[in-house]
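Asks: Dropping the structure in here first, questions after.
Protein chains: 2
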Amino acid sequence: MEMNKPLLALTALALALPTAVQSQNAPPPSDVALEFARDLTTEIGPRQAGTEAEARARIWALARLQSMGFANVRVEEYQMPTWVRGEERASIISPHPQALAITALGNSGATPASGMDGDVVGFRSLAEFEAAPDSAIRGKIVYIGHAMRRTQDGSSYGAFGPVRFSGPGRAAARGAAAIIIRSVGTDSHRNPHTGNTNFPAGVTPIPSGAISNPDADQIERMMARGAPIRLHLLLTPRNLGMQTSGNVIAEVPGADPSAGIALVACHLDSWDLGTGAIDDAAGCAVIVAAAQRVAASGQPRRTIRILLAGAEEVGVWGGRDYGARHATDNHAVAMEADFGAGRVWRVDFRLPEGAAGAANRITASLAPFSVSRGRDAATGGADVGVLAAAGLPLVDLQQDGTKYFDLHHTPDDTFDKIVPEELAQIVSAWTSTLWELANAPERLGEAE
Amino acid sequence: MEMNKPLLALTALALALPTAVQSQNAPPPSDVALEFARDLTTEIGPRQAGTEAEARARIWALARLQSMGFANVRVEEYQMPTWVRGEERASIISPHPQALAITALGNSGATPASGMDGDVVGFRSLAEFEAAPDSAIRGKIVYIGHAMRRTQDGSSYGAFGPVRFSGPGRAAARGAAAIIIRSVGTDSHRNPHTGNTNFPAGVTPIPSGAISNPDADQIERMMARGAPIRLHLLLTPRNLGMQTSGNVIAEVPGADPSAGIALVACHLDSWDLGTGAIDDAAGCAVIVAAAQRVAASGQPRRTIRILLAGAEEVGVWGGRDYGARHATDNHAVAMEADFGAGRVWRVDFRLPEGAAGAANRITASLAPFSVSRGRDAATGGADVGVLAAAGLPLVDLQQDGTKYFDLHHTPDDTFDKIVPEELAQIVSAWTSTLWELANAPERLGEAE
């Protein structure tokens with residue numbers, strides 16, 4: 091697609107001029123980001139990778155990025171295996187009959203169409219499950235709990251996520267008939283948290299679901315009383331085989347092609363239960379709003395490339411396709427926004443030594459937003475993971491994730507959860523940071 | 091059932107001696123109430139009126155009340171028409187296809203088994219709906235919103251409840267094909283609020299559902315954009331005809347039969363979506379714990395009668411059966427606990443003039459709990475409504491309902507929502523109040 095000229099003329103007048111001192115005299119935040127998130131979650135809603143909803147989201151994003159004045163707006167398609175949810179129900183047969191709020195995990199196997207009944211063997215942690223003999227697990231419905239708590243930096247996801255990531259595969263490998271886990275989440279609502287799980291090669295997937303935290307409490311109360319628990323379980327997901335997904339890409343062309351590309355990434359797909367507001371409409375809203383603001387202040391030195399990645403939730407297919415297809419592009423630096431809509435509280439760098447000045451200027455520009463400098467150990471995100479692994483310089487604007495795992499992968503991830511003032515703070519922090527990276531005279535990761 | 095002797099011997103030693111000065115030297119709260127609520131919501135869970143789950147709850151309650159040492163523990167059965175939920179799904183067909191979180195309202199009509207499609211006519215309030223011509227409504231799926239907000243005294247339920255109580259009946263009478271309403275609730279989670287609705291005599295029930303507040307926001311955003319909205323709706327509830335329900339009754343016999351009965355009521359049934367923790371396991375937990383504490387301090391002057399009413403949610407069948415069956419019993423005063431598990435903040439009286447001393451003593455005993463005296467306009471609750479209408483003296487311990495309608499009639503009404511410290515405050519306030527009412531030398535409502 092050809093570059094629009096005059097670039098961004100329609101929106102430039104209404105936007106602040108971001109500079110290194112922009113933060114000291116921040117104008118009222120634009121509604122660009124909030125409107126992007128609102129419109130994507132309303133006009134598309136859930137947009138699971140590989141489905142027609144994700145395809146509609148790509149068409150929507152193409153039109154929106156064009157209307158915002160970006161250049162080189164395009165889709166890059168790829169194929170990916172696609173799993174979709176079916177019916178899902180669970181209930182306690184005994185000792186205390188009642189329904190459970192359950193959802194299937196991505197890649198779950200299916201029960202028979204009439205469901206299955208099974209005896210529960212329950213564990214309060216993955217370690218307790220691993221310590222049990224296979225004989226206790228074979229043929230059973232395994233329950234695994236955990237003790238995830240809120241953390242500002244999201245570190246609890248790393249600590250307890252394996253219950254979901256690897257618990258089902260391990261249970262299947264050890265002969266379990268099915269598995270239900272305590273949702274990997276920190277809320278106490280009857281909204282179970284989905285998310286992908288993986289089965290080792292050669293291991294047949296078993297029905298694998300997450301129950302909400304109140305339901306997990308209920309199961310654990312019954313476990314504590316000692317009476318055997320018997321469950322009915324109905325999960326009928328299907329594999330659709332290879333389907334089309336794609337990345338949506340747009341650019342703000344830089345004045346100096348040799349200065350390389352500042353890549354900013356988010357993901358366009360969402361899980362199917364909610365409308366993907368904090369995961370990751372908010373991230374996409376932030377990067378497009380920040381890129382538009384930077385462009386509005388004048389053509390940047392570097393090209394800013396926007397990557398709305400497809401199929402992140404189900405295995406980072408978009409990020410991997412981008413990494414393979416653009417491995418030899420002259421990338422200078424990358425940033426990613428995929429941790430909700432909570433305010434930025436820390437900046438982490440992974441820049442070459444010669445770019446210390448840029449890091450210092452960014453740090454100074456962020457201080458008025460109560461953003462402090464971290465350990466200089468930026469890691470990027472999933473969708474820039476291929477480039478990050480290859481050593482590309484990175485800047486991470488760490489967002490407050492205290493409430494993120496209340497909503498993550500649940501039906502409750504909807505637009506009302508975005509706090510406009512917090513989103514505006516993120517956009518401001520991103521604008522300052524991206525302006526510096528796009529205009530820094532220092533060499534970042536571009537070819538010499 | 092015969093009175094247990096020695097009355098309450100097993101539990102008396104562990105309990106505080108409630109007196110008029112109990113509040114000044116409150117002992118650590120007992121766990122009786124918390125355990126009652128925990129066990130009812132765990133061992134029975136949802137217990138919709140007229141179903142076998144409610145029957146299990148009666149058996150459970152009989153055993154629990156006996157084990158707590160109460161006398162004359164019994165069930166009084168009655169018959170009532172019973173409606174049960176079926177499948178429930180809704181989705182937007184156009185302009186922006188996506189699923190909605192919906193639940194059927196009690197007494198809803200059914201769609202065909204394959205569902206129905208229809209065009210939406212949307213209104214932001216009941217008044218806006220009433221102002222529209224019938225021609226705009228006929229054959230349509232009506233949507234009605236409202237502007238319910240949190241209130242400490244729950245008054246917003248009175249203001250906006252009619253959207254649910256009478257909206258469906260009005261829509262049916264005016265020729266609508268179906269109706270969906272914004273949940274009558276104050277949360278922003280994807281858990282729709284059920285509850286009974288009523289259709290006027292001669293009006294055939296139409297499919298009637300509530301969508302969650304985030305889904306209502308979504309519908310209203312689409313309404314604001316002006317494109318026609320078309321929905322798919324599947325609700326397959328059924329009427330089971332007359333079924334058995336019942337009240338569970340227990341007593342602490344008083345020393346002076348002529349002093350009448352102090353009636354304390356709650357309801358044992360719940361809606362089917364949650365486990366009925368705040369509505370109304372908490373209320374039942376409070377009255378049994380308070381009655382047990384009063385009994386533990388010595389035989390009261392008046393008989394304390396505990397009424398765990400059946401079938402409150404679906405039309406106060408238990409309260410009405412009690413009122414009819416016990417109309418000539420020598421009731422002295424009534425109290426009811428059916429407003430969640432939030433702390434008591436006000437006491438309201440409706441006592442005869444000669445009992446001003448009792449009201450003053452109760453007021454004094456509650457002051458240390460930050461409970462102030464209200465307008466002396468107690469109204470009782472639904473389950474004592476027949477007696478209240480006949481003029482029986484009443485005392486209302488008003489609880490903080492600020493968060494009550496976040497959970498009311500949703501899947502989210504589960505045990506984790508009860509805050510132990512708040513429940514303990516309610517039990518303490520009830521114990522002081524009930525002790526005074528059970529022992530007051532003044533005449534209350536008993537026969538002269």
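Quick note, the sequences are listed as chains Z and A, same order.
For the first sequence, our numbering puts the final residue at 538, and the numbers step up evenly by one.
For the second sequence, our numbering puts the final residue at 538, and the numbers step up evenly by one.
Glycine included, every Cβ here is placed at the ideal spot set by N, Cα and C.
(1) From what residue to what residue does the alpha helix (DSSP H) around residue 149 of chain Z run?
(2) Could you spell out the range, first to last residue, of the alpha helix (DSSP H) harbouring residue 539 of chain Z?
(3) Quick one: list the residues of chain Z neighbouring residue 135 of chain A, beta-carbon separation under 9 Å, in chain order.
(4) Does the pairing of the segment 325 to 336 of chain A with the segment 235 to 252 of chain A give three or more beta-carbon distances under 8 Å?
(5) Report the CB separation of residue 194 of chain Z from residue 175 of chain Z in whole angstroms; it is logged as a contact under 8 Å.
(6) Restricting to Cα atoms, I'd like to know which of A:525, A:351, A:353 and A:129 is closest to residue 308 of chain Z.
(7) Helix, strand or coil: which one does DSSP assign to residue 516 of chain Z?
(8) List, in chain order, every chain Z residue whose beta-carbon is nearer than 9 Å to that of residue 278 of chain A.
(9) For the segment 207 to 280 of chain Z, which segments carrying the alpha helix (DSSP H) assignment without a break, of at least 4 residues, lie completely within its bounds, in sequence order?
(10) Whole angstroms are fine: how far does the CA of residue 139 of chain A sit from the CA of residue 165 of chain A?
(11) Can you tell me where the alpha helix (DSSP H) holding residue 132 of chain Z begins and where it ends?
(12) How is the beta strand (DSSP E) around residue 435 of chain Z delimited, first residue to last?
(13) Could you have a look at residue 486 of chain A and say whether DSSP puts it in helix, strand or coil?
(14) Under 8 Å, do residue 47 of chain A and residue 472 of chain A count as touching if we go by C-beta distance?
(15) Taking buried to mean at least 16 other C-beta atoms within 10 Å of its own C-beta, is residue 281 of chain A buried or exposed?
(16) Under 8 Å, with one C-beta from each stretch per pair, do the segment 383 to 393 of chain A and the segment 442 to 450 of chain A reach the 3-pair mark?
(17) Pairs of beta-carbons, one from the segment 347 to 360 of chain A and one from the segment 519 to 534 of chain A, closer than 8 Å: are there three or more?
(18) Per DSSP, which residues does residue 198 of chain Z bridge with? Please list them.
(19) Within this structure, are the beta carbons of residue 151 of chain A and residue 358 of chain A separated by less than 8 Å?
(20) Return the first residue and the last residue of the alpha helix (DSSP H) that residue 336 of chain A is part of.
(21) Counting contacts by CB-CB distance shorter than 8 Å, is residue 132 of chain Z in contact with chain A?
(22) The beta strand (DSSP E) spanning residue 84 of chain Z covers which residue range?
(23) According to DSSP, is residue 286 of chain Z helix, strand or coil?
(24) Against chain Z, does residue 238 of chain A count as a neighbour if the rule is that its beta carbon must be under 8 Å from one of theirs?
(25) Taking just the CA atoms, how far does residue 451 of chain Z sit from residue 433 of chain Z?
(26) Could you tell me which chain A residues have their CB closer than 7 Å to the CB of residue 214 of chain Z, listed as they occur along the chain?
(27) Considering only residues of the same chain and omitting the five flanking positions on each side of residue 505 of chain A, which have a CB-CB separation below 6 Å?
(28) Is residue 117 of chain A buried or exposed, if buried means 16 or more other CB atoms sit within 10 Å of its CB?
(29) Ignore the nearest five residues each way along the sequence and tell me which others in residue 466 of chain Z's own chain have a CB closer than 6 Å to its CB.
(30) For the pair the segment 178 to 192 of chain A and the segment 302 to 320 of chain A, tell me if three or more CB-CB distances fall below 8 Å.
(31) Taking 8 Å as the CB-CB cut-off, is residue 260 of chain A touching chain Z?
(32) So, is the C-beta of residue 465 of chain Z closer than 8 Å to a C-beta in chain A?
(33) Looking at the strands, I want to know which residues DSSP matches up with residue 193 of chain A.
(34) Hey, does residue 313 of chain Z have any beta-carbon neighbour from chain A nearer than 8 Å?
(35) Taking residue 124 of chain A as the reference, which of A:399, A:534, A:536 and A:511 has the closest Cα?
(36) Strictly under 8 Å for the Cβ-Cβ distance: is residue 329 of chain Z near chain B by that measure?
Replies: If we stick to the structure as given:
(1) Locating residue 149 of chain Z in the first sequence gives position 59, counting from the first residue. Note, residue 149 of chain Z: alpha helix (DSSP H), 142 to 157.
(2) Any question about residue 539 of chain Z goes unanswered here, given that chain Z covers just 91 to 538.
(3) Indexing the second sequence from 1 puts residue 135 of chain A at position 45. Correct list: 182, 186, 187, 188, 189 and 308.
(4) When C-beta atoms of the segment 325 to 336 of chain A are compared with those of the segment 235 to 252 of chain A, fewer than three pairs fall below 8 Å, so the two segments do not count as touching.
(5) Reading the first sequence from its first residue, position 104 is the one you call residue 194 of chain Z. Reading the first sequence from its first residue, position 85 is the one you call residue 175 of chain Z. Yes, residue 194 of chain Z and residue 175 of chain Z are in contact; Cβ-Cβ is about 6 Å, under 8 Å.
(6) Here residue 308 of chain Z refers to the residue found at position 218 when the first sequence is read from its first residue. Of A:525, A:351, A:353 and A:129, the smallest CA-CA separation from residue 308 of chain Z is found for A:129.
(7) The count along the first sequence starts at 1 and reaches residue 516 of chain Z at position 426. Secondary structure of residue 516 of chain Z (DSSP, three-state): helix.
(8) If you number the second sequence from 1, residue 278 of chain A lands on position 188. Within chain Z, the residues whose beta carbon sits less than 9 Å from that of residue 278 of chain A are 502, 504, 506 and 507, listed in sequence order.
(9) Taking only runs of at least 4 residues, the alpha helix (DSSP H) segments lying wholly in the segment 207 to 280 of chain Z are 216 to 221, 224 to 227, 245 to 250, 252 to 255 and 257 to 263.
(10) Counting from 1 along the second sequence, the entry for residue 165 of chain A is found at position 75. Counting from 1 along the second sequence, the entry for residue 139 of chain A is found at position 49. Going by C-alpha positions, residue 165 of chain A is about 14 Å away from residue 139 of chain A.
(11) Residue 132 of chain Z sits at position 42 when you count from the first residue of the first sequence. Taken as a continuous stretch (DSSP letters only), the alpha helix (DSSP H) holding residue 132 of chain Z covers 122 to 133.
(12) Walking along the first sequence from the start, residue 435 of chain Z turns up at place 345. If you look at residue 435 of chain Z, you'll find it in the beta strand (DSSP E) that goes 434 to 440.
(13) Residue numbering aside, residue 486 of chain A sits at position 396 when the second sequence is read from its first letter. For residue 486 of chain A, the three-state secondary structure derived from DSSP is strand.
(14) Outside the displayed span of chain A (91 to 538) sits residue 47 of chain A, for which this structure offers no information.
(15) Residue mapping note: residue 281 of chain A aligns to position 191 of the second sequence, counting from 1. Classification of residue 281 of chain A: buried, given that the 10 Å Cβ count is 16 or more.
(16) Output reads no: the segment 442 to 450 of chain A does not touch the segment 383 to 393 of chain A.
(17) In this structure the segment 347 to 360 of chain A touches the segment 519 to 534 of chain A; the number of beta carbon pairs closer than 8 Å is three or more.
(18) Within the first sequence, residue 198 of chain Z is the residue found at index 108, counting from 1. BP columns for residue 198 of chain Z are empty, so no partner.
(19) Locating residue 151 of chain A in the second sequence gives position 61, counting from the first residue. Locating residue 358 of chain A in the second sequence gives position 268, counting from the first residue. In this structure, residue 151 of chain A lies near residue 358 of chain A, with their beta-carbon atoms less than 8 Å apart.
(20) Start at 1 with the first residue of the second sequence, and residue 336 of chain A comes out as number 246. Membership of residue 336 of chain A in any alpha helix (DSSP H) is not indicated; the residue belongs instead to the beta strand (DSSP E) covering 328 to 342.
(21) Taking the first residue of the first sequence as position 1, residue 132 of chain Z is located at position 42. Among the CB atoms of chain A, one or more fall inside 8 Å of the CB of residue 132 of chain Z.
(22) Residue 84 of chain Z lies beyond the stretch modelled for chain Z, which goes from 91 to 538, so this question has no answer here.
(23) On the first sequence, position 196 is the one that residue 286 of chain Z refers to. Annotated three-state conformation of residue 286 of chain Z is strand, per DSSP.
(24) Here residue 238 of chain A refers to the residue found at position 148 of the second sequence. The beta-carbon of residue 238 of chain A is placed no less than 8 Å from the nearest beta-carbon of chain Z.
(25) Here residue 433 of chain Z is taken as the residue at index 343 of the first sequence, counted from 1. Here residue 451 of chain Z is taken as the residue at index 361 of the first sequence, counted from 1. It is roughly 20 Å from the alpha-carbon of residue 433 of chain Z to the alpha-carbon of residue 451 of chain Z.
(26) Here residue 214 of chain Z refers to the residue found at position 124 of the first sequence. What residue 214 of chain Z touches in chain A, judged by beta-carbon distance under 7 Å, is nothing: the nearest beta carbon there is about 17 Å away.
(27) Looking up residue 505 of chain A in the second sequence gives position 415. Around residue 505 of chain A, the same chain offers 128, 131 and 367 as residues with beta carbons nearer than 6 Å, after the five sequence neighbours per side are excluded.
(28) Translated into positions along the second sequence, residue 117 of chain A becomes position 27. Annotation note: pLDDT 48 at residue 117 of chain A (below 50); position unreliable, coordinate value reported separately. With fewer than 16 neighbouring CB atoms inside 10 Å of its own CB, residue 117 of chain A falls in the exposed class.
(29) Here residue 466 of chain Z corresponds to residue number 376 of the first sequence, with the count starting at 1. The answer, listed in chain order, is 439.
(30) Verdict: yes, contact present.
(31) The sequence position of residue 260 of chain A within the second sequence is 170, counting from 1. Cβ-Cβ to chain Z under 8 Å: no for residue 260 of chain A.
(32) Here the question's residue 465 of chain Z lines up with position 375 in the first sequence. No, residue 465 of chain Z lies away from the interface with chain A (no Cβ there is under 8 Å from its Cβ).
(33) In the second sequence, residue 193 of chain A corresponds to position 103, counting from 1. In DSSP, residue 193 of chain A forms a bridge with A:300.
(34) What you label residue 313 of chain Z is simply residue 223 of the first sequence in a count that begins at 1. By this cut-off, residue 313 of chain Z is not an interface position.
(35) Stepping through the second sequence from its first residue, residue 124 of chain A is reached at position 34. Considering only alpha carbons, the answer is A:511.
(36) Looking for chain B here will not work: the only protein chains present are Z and A.
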